[in-house]
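A.B. asks: In the UniProt record's numbering, the protein residues as written are 1 to 341. Ideal Cβ placement from N, Cα and C applies to all residues, glycine included.
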Amino acid sequence: MKILRKLLFPFSLLYLFVTAVRNFLFDKGVFKSYTFPVPVIAVGNLSTGGTGKSPQTEYLIRLLSEQYRVATLSRGYKRKSKGFILADQNSNAGILGDEPYQFYSKFPSIQVAVDADRKNGIEQLLSLNQKPEVILLDDAYQHRRVKAGFYILLTSYGDLYAEDYLLPAGNLRENRRGADRANYIVVTKCPSDLSKAEMETIKKKLKPKKSQKVFFTSIEYDEYVYSKEVSINIDDLSEQPKVLVAGIAKPKPFFNYLMEDYDEVMAFPDHHNFTENEITVLNKKAEDRRIVTTEKDYVRLVDKLPADRLFYLPIKSRLLNDKSDFDNTILDYVGKSTANR
């Protein structure tokens, strides 16, 4: 692996040049960034996939939606539609993409929209009769045409951006200095018992600016899995063989949480669109076993497998340090921005 990275390093230098020039032109105003009269929070990362953007976005939805009209705006990765789409009762994962449809299914009180052009997407949302009071941009850290009022940068505990390299030698989408744009840096997928000493060690590696706050989160799995009609306790689920299916970037924790020795595991690429042959295979497996999958995969499989055999495992992001500080700063930003519009 190290040899391959060395071979690809010259291409990373070219990638560095292109992304650095682009960011320089945005920073100097040659390329225009647009602001809007509504609080905009961007959640994203420097690396490609697998940092826990969806759980973090859902955390913000829960935090804000009781007080404000919240909208999420995503690109809608791998969706089969184009342009701006506002989710409604006719929407599905094919139209919206799996993660936006997951938001729509879980949080019916919010507005969920997709548009690769985030500027146009925000303009469309603000033209609605019931316009949002706060907009959450999912996976938009590099979308410089929109200048968000608050940036949350995610980095995985086991894959810190400070120890990574630019594409294609590594997984970074832009130089590590891009972290300077963040208000919050959130280290995701940490062990739930992460010590204060290790938090300090990680902070030293990330070298945040004085104005930046660093937080640590872990993934909290539900004690139940859910189908369309019923829920089953994890302990009861373990009594019978099952099939575990995941099409996410880093499925190992999901498998480890549920897997017994007699279970079958099926791993697919992130955002995988299941083929007809794969659905046929899964249907055969579902004849005598339950199939348990992730929330993101469930929205793509829910109408293709028997409703009484298909279950999903919910997850949440749990803050390990300074939760009140995290919440209050976000609420203060949104409150002041809303009052000063």
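State the CB to CB distance for the pair L310 and S211, rounded to an integer number of angstroms; the pair is presumed to be in contact (CB under 8 Å).
C.D. replies: Rounded, the Cβ-Cβ distance is 46 Å, inconsistent with contact.
A.B. asks: Within this structure, are the beta carbons of A307 and I152 separated by less than 8 Å?
C.D. replies: Not closer than 8 Å, so no.
A.B. asks: Over what stretch of residues does the beta strand (DSSP E) that includes F216 continue unbroken?
C.D. replies: Per DSSP, F216 belongs to the beta strand (DSSP E) from K213 to Y221.
A.B. asks: Do you know whose CA, among F107, Y77 and P108, lies nearest A93's CA?
C.D. replies: That would be Y77, whose Cα lies nearest to the Cα of A93.
A.B. asks: If you compare alpha carbons, which of Y257, Y157 and Y333 is closest to Y312?
C.D. replies: When only C-alpha atoms are compared, the closest one is Y257.
A.B. asks: Excluding the 5 residues flanking F36 on each side, which residues of the same chain have their C-beta closer than 6 Å to its C-beta?
C.D. replies: Taken in chain order, the residues that qualify are I122.
A.B. asks: Which partner residues does F311 have in the DSSP bridge list?
C.D. replies: In DSSP, F311 forms a bridge with V292.
A.B. asks: Roughly how many angstroms lie between the CA atoms of A71 and R145, to the nearest whole one?
C.D. replies: Cα-Cα distance, rounded: 19 Å.
A.B. asks: Along the chain, where does the alpha helix (DSSP H) containing G94 start, and where does it finish?
C.D. replies: Taken as a continuous stretch (DSSP letters only), the alpha helix (DSSP H) holding G94 covers A93 to L96.
A.B. asks: Just mark Y34 as buried or exposed, buried being the case when its beta carbon has 16 or more other beta carbons within 10 Å.
C.D. replies: Flag for Y34 reads exposed.
A.B. asks: How close, in whole Å, do the beta carbons of L167 and R176 come, if the pair is a contact with beta carbons under 8 Å?
C.D. replies: Not really, about 13 Å apart at Cβ, beyond 8 Å.
A.B. asks: DSSP three-state call for K242: helix, strand or coil?
C.D. replies: The answer is strand: DSSP assigns K242 an E or B state.
A.B. asks: From the DSSP output, read off the bridge partner residues of Q130.
C.D. replies: According to DSSP, Q130 bridges with nothing at all.
A.B. asks: In the DSSP output, what is M259 paired with across the bridge?
C.D. replies: According to DSSP, M259 bridges with nothing at all.
A.B. asks: Considering just the uninterrupted stretch of the beta strand (DSSP E) at I232, what are its terminal residues?
C.D. replies: Residues S231 to N233.
A.B. asks: With a threshold of 16 other CB atoms inside 10 Å of the CB of L154, please say whether the residue is buried or exposed.
C.D. replies: With 16 or more other Cβ atoms within 10 Å, it is buried.
A.B. asks: With the cut-off set at 8 Å, would you say I232 and Y221 are in Cβ contact?
C.D. replies: No; because the gap between Cβ atoms is not below 8 Å, this pair is not in contact.
A.B. asks: A113 bridges to which residues according to DSSP?
C.D. replies: Looking at the DSSP assignment, A113 forms a beta bridge with L73 and L86.
A.B. asks: Hey, could you find the ends of the alpha helix (DSSP H) L153 is sitting in?
C.D. replies: L153 -> not in any alpha helix (DSSP H); beta strand (DSSP E) instead, spanning F150 to S156.
A.B. asks: Taking the Cβ atom as the reference point for each residue, do S337 and Y161 lie within a distance shorter than 8 Å?
C.D. replies: The answer is no: Cβ separation not under 8 Å.
A.B. asks: Does the separation of the CB atoms of N23 and Y141 fall below 8 Å?
C.D. replies: Cβ distance not < 8 Å, so N23 and Y141 don't count as in contact.
A.B. asks: Rounded C-beta distance between D139 and K53? I'm assuming under 8 Å.
C.D. replies: Confirmed, Cβ separation roughly 5 Å.
A.B. asks: Can you tell me whether N277 is helix, strand or coil according to DSSP?
C.D. replies: N277 falls in the helix class under three-state DSSP.
A.B. asks: Whole-angstrom Cβ separation of D270 and I291, contact assumed at under 8 Å?
C.D. replies: At roughly 19 Å, the Cβ-Cβ gap does not stay under 8 Å, so D270 and I291 are not in contact.
A.B. asks: Tell me which same chain residues have a C-beta within less than 7 Å of the C-beta of Y104, skipping the five on either side of it?
C.D. replies: These residues qualify, in order along the chain: A87, S91, L96 and V112.
A.B. asks: Between the C-alpha atoms of E163 and A179, what's the straight-line distance to the nearest angstrom?
C.D. replies: If you take the alpha carbons of E163 and A179, they lie about 13 Å apart.
A.B. asks: Count the CB pairs spanning the segment 284-300 and the segment 198-205 that are closer than 8 Å, and state whether there are at least three.
C.D. replies: Contact between the segment 284-300 and the segment 198-205 is absent, because fewer than three Cβ pairs lie under 8 Å.
A.B. asks: Can you tell which of T294, F215, Y101 and E239 has the C-alpha that lies nearest to the C-alpha of M266?
C.D. replies: Comparing Cα-Cα distances from M266 to each of T294, F215, Y101 and E239, the minimum goes to T294.
A.B. asks: For F17, which residues from the same chain have a beta carbon less than 7 Å from its beta carbon, with the 5 sequence-adjacent residues on both sides left out?
C.D. replies: If we look at F17 and ignore the five residues flanking it on each side, it has no Cβ neighbours.
A.B. asks: Which of helix, strand or coil does DSSP assign to D180?
C.D. replies: Of the three classes helix, strand and coil, the one that applies to D180 here is helix, per DSSP.
A.B. asks: Contact between the segment 53-62 and the segment 314-321: three or more CB pairs below 8 Å?
C.D. replies: Output reads yes: the segment 314-321 touches the segment 53-62.
A.B. asks: Quick check: the Cα distance between L63 and D327, rounded to an integer number of angstroms?
C.D. replies: One C-alpha to the other measures close to 7 Å.
A.B. asks: Under the DSSP definition of a beta bridge, which residues are partnered with E264?
C.D. replies: Per DSSP, V243.
A.B. asks: Among the residues of its own chain, which have a CB less than 8 Å from the CB of G50, if the five just before and after it don't count?
C.D. replies: Correct list, in chain order: S156, D159, I248, A249, K250 and D270.
A.B. asks: Which class does T35 belong to by DSSP, given the choice of helix, strand or coil?
C.D. replies: If DSSP states are grouped into helix, strand and coil, T35 belongs with coil.
A.B. asks: Label K242 either buried or exposed according to how many other C-beta atoms from any shown protein chain fall within 10 Å of its C-beta, with 16 as the threshold for buried.
C.D. replies: Under this definition K242 is a buried residue.
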